[in-house]
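Contents: one structure, followed by commentary.
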Amino acid sequence: MLHFLRSINSKAKKIESSGPKEVPPPHDFKGISSNLADNEADLRQEFANISDIVFKQFYAGEVKILAVWFDGLINNRVSQDVFRALMLDIPEKQLLEVPKEERTDLINQHILPFYETQQVKDLAEIKRWILRSKMILLVDGCSSSLMIDAESRPQRSISEPVVEPTVLGPHDGFIENIGVNTALIRSRLGDAMLQSEDYIIGRRTNTQVTLMYVADIANPKIIEEVRKRLTRIDIDGILDSSYIKELIQDRTLTIFPLMKSTERPDAAVADLLEGRFALVVDGSPQVLTAPSVFIEFMQATDDYYMSPTVVWFIRALRYLSIFVATNLPGIYVGLITFHQEMIPIPLVFTIAGTREVVPFPAIVDALFLLIVFEILWESSIRLPRVVGAAINIVGALILGEAAVQSSLVSPTLVIVIAVSAVANFALGSRYDLAQAVRVIRLAILVAGGMMGFYGIALVSLFFLLHMASLRSFGVPYFEPLAPLITRELKDSFYRAPLWSFKKRPVLIAGRDTTRIDTPPPSPPDEHCTAGADSKKRRQKGGK
Amino acid sequence: MEPGKISERQLAFLITAMLVNTVILLMPQLGARAVEQDAWLTALLGSVWGIFMVLVIIALARRYPGRTPIEYLPLILGKPLGKILGAIYVFWFLSVGAVIVFEFISFLKITIMPKTPLAVFMVTIMVLAYYALRSGLESWARVNEILLFVVLVAIAAVIILPYHNLDFSRLLPLAEHPPGLLIASSMVSGSWRGEVILAGMLIPALARNKHTSRNLIIVVVLVGLFLAAMEISTVAAFGGVPAGQKEFPFFSLARMISIAKIFDRLEVLIVIALVLGTFFKICAFLYCSTLGTAQIFGFKRFQFLLLPLTVLMIGLALNSFKGMPELTDFAANVWPGYALLSFELVIPLLLYLIVLFRSRQVRKS
Amino acid sequence: MNRIVFVFLLVTMSALFCGCWDRVEIDDLELVIGDAHDLADYAGKTGVQTTFQIANPQAMVSGLGASAGGGAGGEGGGNGGGTFWVVSERGETIRDSVSKMNNRIPKQLFLGHERVAVFGEKAARSGLTPFFDRLTRSRESRDTKFIAVSKGNAGRILELESPVSQSTTQALNTIFEDKDGWEGILSVNMADFLYRLSTGITSPVAPLVEVVPQTSMTTKEKKEGMVNTIALTGLAIFDTQAKLVDTFNERETMGLMWVINRAKNRVLTIPHVAGGKAEPISLNLTIAKSKIKVDIEDNGLPVFEIKMQIEFDLLEHFSKHQEVIGVGLIADLEKTASTQVINEIEAVLKKSQELGTDVFGFGEEVRRQQHRDWPQYKEHWQDIFPIVNVAIQCETQIHNRELSVEPPGSRTEGEWHQ
C-alpha cells in the first residue's frame, strides 16, 4: 500500500517514450509473485472498496488466468476477443508446454492479436495501468503480467468547435480525449519533426499531458523552459487544461490571457508552425499553445481563410470594437460629467433633456446598468439553455424598456452600454480576452466617472504598462507592438497576403525561420492567356 | 546596473517624446511674444543648438562606453569634484523633472479641470510613473514606442485640422526681426531641445549603439520642423501678436478644430494625448535622477531609491512655483541660462575639452 | 513585494480618484447658448450688462414645436414651455455680472456651448477691447465664437424668438456657419476680430444685427404678437481701438467682401438694355478672387491696385424680350458686371477713406509687400490711408446660362402682346 502511494505521490513524471510502452521508475519496484492467488489477494486488497472493478478468473486450457479492469472503461469487443482467443481458440496444452515464466510472452506474441500490449512486472505499475483504464491479465505461475490497451472511455464524437466557430475553414474541434486530440494535430502536421512528450500530472487524477512542438522550428530554450515548468507541477488533480495554464504561465496576477487555448486543430497547427508549442491535456477540449502575444487574441482563424483585403476591414472593425468595448461607457460618463463642452450641440440638448428626469448621477447609473448587464451575461451562461431564452426576454426587453420608462436610467446610457456589450461579443472567439475586456471596461468606467478623461488616460496607461511588462514564456507579451517589430506588424492591425509572411515570428521561432518562399502571384505571361490577335498586335507594334 | 536593454529606436522615440511634450505648451507663447510671426524661425534655429549638444554628449559617451555621465564625471574631474558635479547634475534632473511636472499639471488644471487640486494630479501621475519605473526601463520605453505615435498624430491634428481658420499671409513679412534677436530668442527653444542630453544617461542601456548620434540628430531636426510647423499654424490662426497673448497658444489652436461643424471642442482629447506623452518625459527624468543617485553612491540596485525620489519630486514640484505667471517668467528669463548655458551645453563642452586635452597629453608623453 | 506595490497603487489611486472635484452632472448645468453684452449704469458708474440665453434642453429635444407651446423668452421667463429663457444682470465686469445671476439661477452656468456673442451699440461705441478679455481668458469660451454687433440694445436680440430656429442665437450661428460669404453676410469670429485688432492698422469689422419686423407670420405667431425678428443688415466698422465708428450697409459690405476675398455666393443683378428698356439680368457668382498690389509712387505715397477675377453663371433674365444669350451678349454682360463690381468697391472705398478706417488691410499689404518702406508709414497710417490712390481692375467671365438658351415666349418682334 505504502509503496503504491509513494510511487503515485511522486511529482509529475515525464514518460520517457510515448505511448503505453512505459518503463516504470526502478526505485519503487515491487515484483509480483508467480502465485496467482497471492496476486489476486494483493490486488483485491488494494481495490478493496471499489465496486466497479471486475476480477474475472478463467482458464485458458489448464492455466488459470485473472483479468482485472474497471467496468465500462474497456472496449467490450476487445475484451470478448481476448477471452475468445484465450478460452476457445487456444490449442490444448499449448500454455503448459512452455516454461511457466514464459507464459505471458507466449500469450503476448502468439495468441493475442493486439498490438497495444505490454508486459508488466511491477505491482504498483499494474495498479496504475488498471487505474488508467487498461486491462491486466495475470497468468498463474508467471511473475509478469500483461497489460492490454483495450481502453474505451466514454467520449463524445468530434464536433464543431463551440467557442470558436468559423464560417470558412475546417469544422472539426478537439474533444475530451487526448488520443483523438493528438491524432487531430498529427493528421494535419505530417512531419517527423513534430515531436510529442508525455507527462503524467496530478497525484490522484494521473492525467496525461502531451507536449507537442516542431523540433526544428521551436526555440529549444522555450521548450526546455516548458519542460521545467511542467515537471515542477505538484497537484492532486488536473481537470482541465486551464489548470495547467494557471500553473505554468509566467504570471498569474493578470487579467490578460498569457497562453492561448484553442479548440481548433487548425489553429493549434498554425501555432506549432510558428514555433510555438502545444499542450494537449487529457479530458480537455482546449489545447494550450504558447508563447502567446496580445495580437494573437485579436486574430480569428477565419482571417486566414479570407481574402486579405477583406480582412483589413474586419481587423480594423475588431480593434475598433475592443476600443468601444473597453472605453465607451467610461468616455460617455467622462463626457457628460466632466467635458460637456465636447459634446456636439444638438446632442448635448438631447442628453441633458433626457437626463433631467434621471435621479442618479451618471456614474451610478452607468455602473448600475453595466453590472446588470454583467449579471445577465453571467446568468445566461450558467442557466440551462431552455431557461436562457426567458432570461434574455426578461433582461433585454423588460429590464431595458422598464428602466428607461421609469426614468431610472437615461436612454442614451442604455445605448452606450448596449453598444459596448455588443462590441465585447465581437471578440467572442477569444473568450479569455473578452473576459479581460469586462474588467478593463469597469476600471475605465470608474476612472472616467471619477476624473474624466484624465482618469481614463491614466488607467489606460496603467494597463498598457502592465501589458508591456508581461511575458509569455520569456516572449514580450506586447510584441510586435512593443517592442516594435515593424516586419511583423503585417499580421496585426491588418493581414498582409500570405506570400508576404516570409519569416516566422523572430522572437518565438528558433532555427528554421523561413515560413513561405513563394513569389507573389503575378499575372501569367501573355502567351498563356492572351488571344492570338493581341499577340500579333504586340508583334506588329514591336516591328 | 539596469538589466533592461532598450533598442536604438526606443531611445530615439523616448527622446522625441521628451523634446516634443510640454515644450509645445509654452514655447509658442514665448516665441511669438519675442519675435511675433517669426517664431517658427526660432523653432528651427533651436535645432542647431540641439545638434551641437547631441554631438558633444555622444562624443563624451564614445570616450566612456557603457558609462553614464554620472559614472564618467569622476574619471574626468577626479573623484571628489566629479561626484559633486554628478550630484549637482542629478539634482538638476530632479528639479527639471519637477518643473516639467508642475508645468504640465498646471496646464491640465487650467485647461480641463480647474477645481481639482494640483496634488491630486501630481500624485496620480507620479504613482503611475513609479509603477512604470518599477516594471523596468524596457516596458515603459516599449509603451512609449506605441504611444508616441498617438501623441504625434494628436499634435499633427492640431496643426492641420484648423485649416479653415489658417491665414498664412499672417506669417508675412518673413524675418522682419534682426538676425541677432532671432538667434537670441532661439536660445529659449534651443534650451528645451537641450533636454536631449538625458540621452547620455540612457545610452549605456542600449543593446546596440551604432546609429545613436545619427538618430538623435534626426530626432532633433525633425522635432524642430514639427515645432516650427506648429508655430506656423499658431501664427496663421491667431496672428503673431495674439499668439503671444495667449497662455497656451497650442491649446487655443486645438480649440479651433471643428470637424464637419459637429465635432468641435476636441481640445480635451488633445490634452489627454499630451498626458500620454508627457508621462514618459516625467518617467525619463525620474529614471535619470534615480539612476544617477544610485551611481553617485555606488549602489548596485536603484529600485529602493525610487520611492523616496518620487516623493521628493512631488514635493519639489508642489513647491516650485506659485502658478503659471512665475513659471512663464522662469522659462523665458532664467531657464535658457539655467539649462542651455550651463548643464546642457557649457559644462559638457568643457568636459569634452578637458578629455581632449588630457588624451593629447597622454599621446605626447 | 510586488503584491505590496500593487495594493499600494490600488489604495492611493482609488483614494485620490474619489475626490472628483470637477465632476458636475450635465443635467446640473444651465447651458448658455448665447450671450449679449451692453454698457449700462451700475452703482453710479458705467458698468456692463450681461445677458445670457439659456437653453431649456427638454423643450429643445422635443423639437421646434415647443416654441409655439408656451410664452417663451422674456426676462427670467417660463420654466416649462419655451426652448430657452433669458437672464440679464449688471456688474462692474462681465464675470461680476454673471456671478450675480447665481442668485436666480438654480443650476450651474455652463458657457462651453455659447456660440454667438452680441455686443450692444453703446458698448461698441465705447470700445470692445475690455469685453474680449473675458471671452479669451475663459477656458469655456472658444476663439471661433462668432461675434455680432446689434443696433441698439444687444440683450433685446436674445429676448426675441426666432420663427425658424430654436433661438435667435442658434439662428445667427447657423447663418454665420453656413452662409458666410453669401450676399452681404460676413461672419467674423473672435480670432479674426482680434487679429485685425492686434495689427493696430487694420480696422476690425463685425456683422450688424438688427431687429426687423417679421414679414411673414403664421396666424399663431400673429396672435402671440411675434411681429419682430432679427436680420443681418450690414457691417459694423471699428477703428483700431475697437470703437464703433460707423456701419456699412449691405451693398458696401458686399463691396468689401470682393476685396478681402470673402465673397462666396452672390447674386449680382445688372441692368441690360434691350429695345430701349433696361431689363435686369441676375448673375450667380461661382468664383471670385482678388489680389492687392502695392507700389510706391514718386511722391512717396503707396498706390494700390486691386485686381479682381470673377466668374459668373447667368441665373435669370427677367425680360419681355426674346434674346438668345449668345456670345456677343455675354461679352456685353461681362463688361456691365465688371463696372458694377468696380462701382461697389469704389463706394465702400470712398466711405472707408472718409471714415479713415482701413477695413481692407491695405496697411498690412504695404507691410508685407513693401517691407523696407513700411516703418516710415507705420506711425502715420491713419493719415495716409484716406489719401492713397486705389486702382481697381475687374475681369469678369460668364460661363454658363443654366438650362435655357433664351427666355420662353414667342419669337415675335418687340414686346409681348398685352
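Protein chains in written order, with our numbering: chain A, 1 to 543; chain B, 544 to 908; chain C, 909 to 1326. We treat Cβ as the ideally placed atom computed from N, Cα and C, and that holds for glycine. Being a predicted model, the structure only gives us computed values, none of them experimental.
Cross-chain neighbours of residue i in chain B, by beta carbon under 8 Å
i        : result
C:Thr886 : In the structure as shown, chain C begins at 909 and stops at 1326. Residue 886 of chain C is therefore absent and cannot be evaluated.
A:Ala462 : Here the sequence assigns Phe to residue 462 of chain A, which means Ala is not the residue at that position. Those are Leu671 and Tyr674, listed as they occur along chain B.
Listed by chain order, chain B residues near residue i by CB distance under 9 Å
i        : result
A:Pro483 : Ile549, Ser550, Arg552, Gln553, Glu681, Ala684, Arg685 and Glu688
Through-space distance from residue j to residue i, alpha-carbon basis
i         : j         : result
A:Glu356  : B:Leu690  : 38 Å
A:Arg6    : A:Gln208  : With a pLDDT of only 39 at A:Arg6, under the threshold of 50, the placement of this residue in the model should not be trusted, and no figure is reported.
A:Glu164  : A:Asn424  : 15 Å
A:Phe493  : A:Leu328  : 20 Å
A:Glu151  : A:Met135  : 8 Å
C:Gly982  : B:Val644  : Its pLDDT being 38, under 50, C:Gly982 is placed unreliably by the model, and nothing is read from it.
A:Val358  : A:Pro170  : 51 Å
A:Asp517  : B:Val563  : 42 Å
C:Ser1073 : C:Thr1082 : 9 Å
B:Val731  : B:Phe711  : 24 Å
C:Gly1142 : B:Phe794  : 33 Å
A:Val414  : A:Ile351  : 12 Å
C:Val1249 : C:Thr1304 : 9 Å
A:Asp149  : A:Leu376  : 47 Å
C:Ser1106 : C:Phe1270 : 15 Å
C:Leu1222 : C:Asn1173 : 13 Å
A:Pro546  : A:Ile158  : The structure shown does not extend to residue 546 of chain A, since chain A spans only 1 to 543, so no value can be given for it.
Within chain C, the residues that residue i reaches when beta carbons sit closer than 8 Å
i        : result
A:Arg128 : What A:Arg128 touches in chain C: nothing, since even the nearest Cβ is about 39 Å away.
A:Ile336 : Glu933 and Ile934
Same chain, Cβ closer than 7 Å to residue i, neighbours up to 5 away in sequence not counted
i         : result
B:Tyr895  : Val599, Ala602 and Leu603
C:Val1298 : Phe1212, Ile1214 and Leu1257
B:Val784  : Glu579
C:Gly1020 : Glu1048
Beta-carbon proximity check, residue i vs residue j, cutoff 8 Å
i         : j         : result
B:Val666  : B:Ile857  : yes
A:Lys260  : A:Phe294  : no
C:Pro1115 : C:Val1135 : no
A:Pro480  : A:Leu470  : no
C:Ile1195 : C:Glu1219 : yes
A:Val439  : A:Val324  : no
B:Ile839  : B:Gly589  : no
B:Ser682  : B:Leu859  : no
A:Asp198  : A:Leu184  : no
Within chain C, the residues that residue i reaches when beta carbons sit closer than 7 Å
i        : result
A:Pro361 : Glu933
A:Thr231 : Going along chain C, no residue has its Cβ under 7 Å from A:Thr231, so there is no contact; the nearest lies around 25 Å.
B:Lys804 : Glu1085
A:Ile345 : His1021
Residue i: contacting residues in chain A (beta-carbon distance under 7 Å)
i        : result
B:Leu819 : Ala457 and Leu461
B:Thr667 : Leu458
C:Gly990 : Here the premise fails: no neighbours, minimum Cβ distance about 13 Å.
C:Met968 : Phe349 and Gly353
Contact set for residue i: own chain, Cβ-Cβ below 6 Å, skip 5 residues either direction
i        : result
A:Gln57  : Leu66
A:Val214 : Met193, Leu194 and Leu272
Beta-carbon neighbours of residue i, restricted to chain A and to distances below 9 Å
i         : result
C:Glu1069 : Ordered by position in chain A, no residue passes the 9 Å Cβ test against C:Glu1069, which lies about 17 Å from the chain.
Contact list for residue i against chain A, beta-carbon separation under 8 Å
i        : result
B:Ile815 : Phe453, Tyr454, Ile456 and Ala457
Handout entry: Within 7 Å of chain C by C-beta, residues of the stretch 823-851 of chain B in sequence order
Key = none
Problem - Residues, ordered as in the chain, of the stretch 1080-1101 of chain C that lie near chain B by beta-carbon distance below 7 Å - result: Legend: CB atoms of the stretch 1080-1101 of chain C lying less than 7 Å from CB atoms of chain B belong to residues Glu1085 and Ala1099.
Exercise for the section: Check distances from the C-beta atoms of the stretch 761-788 of chain B to those of chain C and list, in chain order, the residues that come in under 7 Å. Expected result: Ala780, Phe781, Gly782, Val784 and Pro785
Exercise for the section: Pull out every residue of the stretch 644-659 of chain B whose Cβ sits closer than 9 Å to any Cβ of chain C, in chain order. Expected result: Ile653, Thr654, Ile655, Met656, Pro657, Lys658 and Thr659
Handout entry: Residues of the stretch 697-726 of chain B with Cβ closer than 9 Å to any Cβ of chain C, in chain order
Key = Pro705, Asn708, Asp710, Ser712, Arg713, Leu715, Pro716, Leu717 and Glu719
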